[in-house]
Amino acid sequence: ELDEWISCNGCKKWFHIDCAGFKKAHEVRDVDKFFCNPCEPTHGKTTYVRKSARAHASVDYAELQRGVLKTSEESMEHHYIQPIKDGTLFPFDRESFPRIRPELVTREFFEKSGTFVEPICIPAEWNPRPWEERAGKAKDFDKVAAAGRPPADATADLYPEDFEYDSLRDDGQDKLDMVMPEGLSVRQVCNLVGPEYPLDVIDVKTQNSGAKMNLAKWADYYEEESEDKQIRNVISLEVSQSKLGRLLRRPKVVRDIDLQDQVWPQEETDKGKYPKVQYYCLMSIADSYTDFHIDFGGSSVYYHILKGKKTFFFIPPKPKHLKAYEEWNESPQQNFTFLGNITGECYRVDLKEGDTMLIPSGWIHAVWTPETSLVIGGNFLTRMSYKNQFKVVEIEKANKTPMKFRYPFFQKIMFYTALKYLKDDPLPPSVSQMFYEGLRDGISADQMKRMNASIPKGHGEPLEVAKTFALWVAWKTGEPAPAFAHPDALLDTIRDEGPPKKLSARAIKDLERKEAFAAYKVAPDRQSE
C-alpha cells in the first residue's frame with residue numbers, strides 16, 4: 005500500500021501518491037513540481053528534476069585557427085554560449101549606463117537633459133510592485149487566464165461583462181505607471197492569446213525560423229524540463245489586440261514620447277488600423293541567444309522582465325559601428341563572427357526579474373538568456389531620434405531587409421509627423437513658395453508604389469507637402485533649404501524638351517549660397533507663436 009502523500013504546487017491540496025498517478029513511491033523523489041489534474045490547464049504538467057545533461061558546445065578548433073568560432077554539429081547550444089559563460093568570448097568594456105529612479109523617468113527629463121541617448125535601467129528594487137497591498141487578486145487572475153472567462157463572483161468593476169478589457173483597470177501600477185499582470189505565466193499567455201495562435205519560433209543554434217508551432221504546443225515545450233531538447237526562442241509575438249494586451253500598460257514615459265501616438269489618426273486606431281508594435285511577449289528558454297541587430301526603423305525599446313534573467317551586449321550607434329554592422333550583415337561569415345571583435349567596443353549589461361530597460365534608437369545589441377525568461381516589451385519612434393531612425397532605415401534598404409521585418413507604416417508615420425508640424429506651426433505666407441513638379445532619378449516603379457501607399461490621403465499634393473516641409477525645416481533650423489525644394493532648380497532645364505536635366509555641382513552650390521543668404525535674412529522671424 006502506498007502511504008506517502010504529495011502536495012500540489014498549484015492548489016496546495018494533498019494527494020495520496022497512488023491517487024496522484026504514481027505507481028511506485030520512489031517515482032515521487034524525481035518530482036520537481038507536482039500539479040493535479042484540475043491545475044494542469046493553468047500551471048502545466050508535473051515537472052521532474054533534471055537528469056540529462058545537455059551537450060555543451062565543443063569548439064571546432066580547425067575553424068578557430070582561421071578566426072571563425074564554430075561548434076560541433078552535435079551540440080545543442082549556440083556556439084557563443086560556452087565562451088560567454090567562460091568569459092572568453094570578448095573583453096567587454098566596463099559599462100556605466102545610468103540607473104535612474106522611476107520617478108525621474110519623464111518626457112520632460114528626457115527632452116531637456118538629452119539623457120535618452122544610451123540604455124537606461126530602472127532596477128527592480130527602485131520600482132517595487134504594489135501587489136503586496138492587494139493580496140488575493142492573483143487567484144482571480146489565475147482563474148480568468150485558465151478558464152478564458154471571468155470568475156462567477158467577479159464584479160463589473162474588476163471584470164467587464166464581455167471580458168474584452170476595453171479600458172485597463174486603474175490598478176496595479178508601478179512607479180513608471182506601467183501595468184503588468186501579477187504572476188503571468190506562459191500557460192496564461194497561451195490561454196489569453198489563444199491556444200491555436202500560430203508562432204514564429206526561432207531555432208537558436210541556427211538563428212533561423214524553426215518548425216511552426218501554435219501557442220499550446222509552445223507552452224508544452226516551454227514547461228518541459230528536459231535539458232537535451234532543442235533550444236528555441238519566441239521574440240515576435242505581438243499581443244496588442246488580444247485579451248493579454250488589454251491587461252498591459254506601457255510606462256508613462258513611453259506613452260508620452262511615442263511619435264506614433266502623437267500623430268496617428270485616432271479614427272484609424274479605433275478601427276484597429278495602426279502599426280502594432282506596442283506589446284511583444286518574449287518567451288525564451290535558458291541559453292537562448294539572439295545575435296546582433298538594430299530594432300526595426302531605428303525604433304526605441306522598453307523591456308520589462310517578468311521572469312528569469314537577460315544579458316545584453318550593446319554596441320553604440322557610432323557611424324563607424326553602423327557601417328561595420330551593415331557590412332557584417334552582408335558577410336557570409338556573419339553567424340560565426342562576433343560583431344564586437346570588429347567594432348572593438350561592446351558593453352555587457354545583466355538584468356534580473358523586475359528590471360526595466362529603455363533602449364534608445366540605433367543601438368546595436370545581442371541578447372543572451374542565462375535563465376528561462378518571460379518578458380514584455382515594445383517598440384516606439386520618437387521625435388528625439390529622427391537622425392538615427394533614418395540612418396537605420398537606410399541600412400535596412402542597403403541590406404535589402406524584407407518588408408515584414410521593417411517597422412510597419414514607417415513612411416506613413418513620417419508623413420503624418422510632417423503634417424502635424426505644418427498644422428501646429430504653419431509656414432508663414434511670406435516664406436512659402438511655389439514649386440515645379442518633378443520626380444528624382446533612380447526611383448523604381450516598386451519604390452514609387454510603396455511610397456504612394458504610405459502617403460496619407462486628403463492632405464494635398466504629396467510633392468508640394470514635402471517641399472513645403474523642407475522649407476519649414478530650413479526656416480526653423482536656419483539651415484539652407486535643400487536644392488530640390490528651390491523653385492529655380494528646374495527653371496533652367498524646362499526650356500528644352502524632354503525630362504528635366506540634373507543640375508551641375510556648381511549650379512547646386514550657387515543655389516545653396518542663395519538659400520543660405522535668404523535664410524539669413526529671415527532668421528530674426530524664424531520662430532512663430
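Each residue of the sequence shown is one higher than the last, beginning at 5 in my numbering.
Cβ atoms here follow ideal geometry from the backbone N, Cα and C, with glycine treated the same way.
For clarity, every value in this text was computed on a predicted model and none was experimentally measured.
1. Is the beta carbon of A457 within less than 7 Å of some heavy atom of the ligand GDP?
2. The beta strand (DSSP E) that contains L310, what's its start and end?
3. Does the Cβ of M407 have 16 or more other Cβ atoms within 10 Å, making it buried, or fewer, making it exposed?
4. Could you please give me the residues that DSSP links to L426 through a beta bridge?
5. Just the Cα atoms here: how many angstroms apart are A485 and R105?
6. Counting pairs of Cβ atoms below 8 Å between the segment 412 to 426 and the segment 261 to 268, do you hit three or more?
7. Can you list, in chain order, the residues of its chain with a C-beta nearer than 6 Å to that of V379? Leave out the 5 residues immediately preceding and following it.
8. What's the gap between the Cα of D232 and the Cα of E112?
9. What is the DSSP secondary structure of S377, counted as helix, strand or coil?
10. DSSP on H20, reduced to helix/strand/coil?
11. Mapping DSSP to helix, strand and coil, what is N13?
12. What's the C-alpha gap between W9 and A24?
13. Pull up the CB-CB distance for Y283 and G198, whole angstroms please, since I reckon it's below 8 Å.
14. Between the alpha carbons of A139 and L188, how many angstroms are there, rounded?
15. By the DSSP assignment, the beta strand (DSSP E) with V267 in it spans what residues?
16. Applying the criterion that 16 or more other CB atoms from any shown protein chain within 10 Å of the CB defines a buried residue, is A478 buried or exposed?
17. Give the straight-line distance between the Cα atoms of E200 and C194, rounded to the nearest whole angstrom.
18. Just to confirm my understanding: we take D262, look at its own chain, exclude 5 residues before and 5 after, and list those with CB closer than 6 Å. What are they?
19. Between N403 and the rest of its own chain, which residues show a CB-CB distance below 8 Å, the 5 nearest in sequence each way excluded?
20. For my contact list, F96 and C350 are in at a C-beta cut-off of 8 Å; report their separation, rounded to the angstrom.
21. Answer yes or no: do K416 and L355 have a C-beta to C-beta separation smaller than 8 Å?
22. Residues in the same chain with beta-carbon distance under 6 Å from I239, minus the five sequence neighbours each way, listed in chain order, please.
23. In chain order, what residues of the same chain lie with their CB nearer than 8 Å to the CB of L252, ignoring the 5 residues before and after it?
24. Here's the rule: buried if 16 or more other CB atoms are within 10 angstroms of the residue's CB, otherwise exposed. What is S11?
25. Compare the Cα-Cα distances from H82 to each of P320, Y420, D295, S304 and report the closest residue.
26. Measuring alpha carbon to alpha carbon, tell me which of E229, Q393, R191 ends up nearest L219.
27. Within 10 angstroms of its Cβ, does Q270 collect 16 or more other Cβ (buried), or is it exposed?
28. Around the Cβ of H47, are there at least 16 other Cβ atoms within 10 angstroms (buried) or fewer (exposed)?
29. I'd like the span of the alpha helix (DSSP H) that includes S117, first residue to last.
30. Could you tell me the distance, in whole angstroms, from the CA atom of C125 to the CA atom of Q393?
31. Tell me which residue opens and which closes the alpha helix (DSSP H) that R236 is part of.
32. Contact criterion: CB-CB distance below 8 Å. Does V397 meet it with respect to chain B?
33. Compute the Euclidean distance between the alpha carbons of F414 and W367, then round it to the nearest angstrom.
34. Using CA atoms only, rank isn't needed, just tell me which of V469, T405, P374, K216 is closest to D90.
35. With distances taken between CB atoms, is the gap from S389 to G302 smaller than 8 Å?
36. Is K49 closer than 8 Å to F39 when the C-beta atoms are compared?
Checking against the coordinates, here is how it stands:
1. Judged by which ligands are present, the structure shown has none, so any question about the ligand GDP falls away.
2. Indexing the sequence shown from 1 puts residue 310 at position 306. Taken as a continuous stretch (DSSP letters only), the beta strand (DSSP E) holding L310 covers 304 to 319.
3. As a working mapping, residue 407 is identified with position 403 in the sequence shown. M407 is exposed by the Cβ-count criterion.
4. The residue given as residue 426 occupies position 422 in the sequence shown. DSSP output for L426 lists no bridge partner at all.
5. Along the sequence shown, one-based indexing puts residue 485 at 481. Along the sequence shown, one-based indexing puts residue 105 at 101. If I take the Cα positions, the gap works out to 42 Å.
6. yes
7. On the sequence shown, position 375 is the one that residue 379 refers to. For V379, where only same-chain residues beyond five positions count, the Cβ hits under 6 Å are L286, I309.
8. The sequence position of residue 232 within the sequence shown is 228, counting from 1. The sequence position of residue 112 within the sequence shown is 108, counting from 1. Each residue's alpha carbon lies about 50 Å from the other.
9. Locating residue 377 in the sequence shown gives position 373, counting from the first residue. DSSP places S377 in strand when its eight states are reduced to three.
10. Taking the first residue of the sequence shown as 1, we reach residue 20 at position 16. In this structure, H20 counts as strand in the three-state DSSP scheme.
11. Position 9 of the sequence shown, counting from 1, holds the residue named residue 13. Note: N13 maps to coil in three-state DSSP.
12. Within the sequence shown, numbered from 1, the residue matching residue 9 stands at position 5. Within the sequence shown, numbered from 1, the residue matching residue 24 stands at position 20. When rounded, the distance between both Cα atoms is 9 Å.
13. Locating residue 283 in the sequence shown gives position 279, where the first residue counts as 1. Locating residue 198 in the sequence shown gives position 194, where the first residue counts as 1. 15 Å between Cβ atoms; not a contact.
14. For the purposes of this step, residue 139 is taken as residue 135 along the sequence shown, with counting starting at 1. For the purposes of this step, residue 188 is taken as residue 184 along the sequence shown, with counting starting at 1. At A139 the pLDDT is 43, less than 50, meaning the model places this residue with poor confidence; the figure from the coordinates comes in the next sentence. Going by the C-alpha atoms only, they are around 15 Å apart.
15. Translated into the one-based positions of the sequence shown, residue 267 becomes position 263. Segment 263 to 267 is the alpha helix (DSSP H) holding V267; no beta strand (DSSP E) there.
16. Taking the first residue of the sequence shown as position 1, residue 478 is located at position 474. Answer is buried; the Cβ neighbour count reaches 16.
17. On the sequence shown, position 196 is the one that residue 200 refers to. On the sequence shown, position 190 is the one that residue 194 refers to. Rounded to the nearest angstrom, the two C-alpha atoms are 8 Å apart.
18. Within the sequence shown, the letter at position 258 stands for residue 262. These residues qualify, in order along the chain: F384.
19. Here residue 403 corresponds to residue number 399 of the sequence shown, with the count starting at 1. These residues qualify, in order along the chain: E330, N333, E334.
20. As a first step, residue 96 must be located in the sequence shown, where it is residue number 92. As a first step, residue 350 must be located in the sequence shown, where it is residue number 346. About 6 Å; that satisfies the 8 Å criterion.
21. The residue labelled residue 416 in the question sits at position 412 within the sequence shown. The residue labelled residue 355 in the question sits at position 351 within the sequence shown. Contact flag unset, no.
22. Translated into positions along the sequence shown, residue 239 becomes position 235. Only L286 meet the Cβ criterion.
23. In the sequence shown, the residue the question calls residue 252 occupies position 248. Excluding sequence neighbours, L252 sits near L172, V183, M184, P185, V243, Y283, I380.
24. Here residue 11 is taken as the residue at index 7 of the sequence shown, counted from 1. Exposed.
25. Locating residue 82 in the sequence shown gives position 78, counting from the first residue. The option with the nearest alpha carbon to H82 is D295.
26. Taking the sequence shown and counting its residues from 1, the one referred to as residue 219 is at position 215. Minimum Cα distance to L219 is reached at R191.
27. Taking the sequence shown and counting its residues from 1, the one referred to as residue 270 is at position 266. With fewer than 16 other Cβ atoms within 10 Å, it is exposed.
28. As a first step, residue 47 must be located in the sequence shown, where it is residue number 43. With 16 or more other Cβ atoms within 10 Å, it is buried.
29. For the purposes of this step, residue 117 is identified with residue 113 of the sequence shown, where counting begins at 1. Run containing S117: 111 to 117, per the alpha helix (DSSP H) assignment.
30. Taking the first residue of the sequence shown as position 1, residue 125 is located at position 121. Taking the first residue of the sequence shown as position 1, residue 393 is located at position 389. C-alpha separation (whole angstroms): 22 Å.
31. Within the sequence shown, numbered from 1, the residue matching residue 236 stands at position 232. Unbroken run through R236 is the beta strand (DSSP E), 236 to 242; no alpha helix (DSSP H).
32. Here there is only one protein chain, and chain B is not present.
33. Taking the sequence shown and counting its residues from 1, the one referred to as residue 414 is at position 410. Taking the sequence shown and counting its residues from 1, the one referred to as residue 367 is at position 363. Their Cα atoms are separated by approximately 18 Å.
34. Along the sequence shown, one-based indexing puts residue 90 at 86. Here the closest residue by C-alpha is P374.
35. Position 385 of the sequence shown, counting from 1, holds the residue named residue 389. Position 298 of the sequence shown, counting from 1, holds the residue named residue 302. Yes. Within cutoff.
36. Here the question's residue 39 lines up with position 35 in the sequence shown. Here the question's residue 49 lines up with position 45 in the sequence shown. Taking 8 Å as the Cβ cut-off, F39 and K49 qualify as a contacting pair.
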